[in-house]
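Numbering (UniProt numbering), first residue to last: 1 to 80.
Accompanying notes for the structure given below.
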């Protein structure tokens, strides 16, 4: 998969998870993809102060991204 294909697939994954985050008053933005392995995102809205956002990041966001782009090894949240 090319770098551009990975970016497109990561965006597709975020589109899949976004409605769940938005239903709780949150959202997510793609910041960058480094070395085609590390995805940096920014949780927004209600997700920022949520005490379960790390669980959401790992079991929701990371799992969904890996479904679309299996070569991704890690997803991290970049706080403002």
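Cβ coordinates follow ideal geometry from the N, Cα and C atoms, glycine included.
Computed from a predicted structure; not experimentally measured.
Three-state secondary structure (DSSP) of residue i
i: residue 41; result: strand
i: residue 60; result: helix
i: residue 48; result: coil
i: residue 5; result: helix
i: residue 31; result: strand
Buried versus exposed, by CB contacts within 10 Å (16 or more), residue i
i: residue 49; result: exposed
i: residue 31; result: exposed
i: residue 79; result: exposed
Given residue i as reference, the closest of the options once Cα atoms are compared
i: residue 54; options: 76, 38, 33, 67; result: 76
i: residue 46; options: 34, 6, 28; result: 28
i: residue 2; options: 43, 59, 36, 68; result: 36
Contact set for residue i: own chain, Cβ-Cβ below 6 Å, skip 5 residues either direction
i: residue 74; result: 38
i: residue 97; result: Summary: the structure shown does not reach residue 97, with the chain confined to residues 1 through 80, and so no result is reported for it.
i: residue 66; result: 72
Interface flag, residue i vs chain B, CB-CB below 9 Å
i: residue 77; result: This model lacks chain B altogether; it includes just one protein chain.
Close-in-space but distant-in-sequence residues of the same chain around residue i (CB under 7 Å, 5 per side omitted)
i: residue 14; result: 28, 30
Close-in-space but distant-in-sequence residues of the same chain around residue i (CB under 8 Å, 5 per side omitted)
i: residue 6; result: 33, 36, 69, 71, 72
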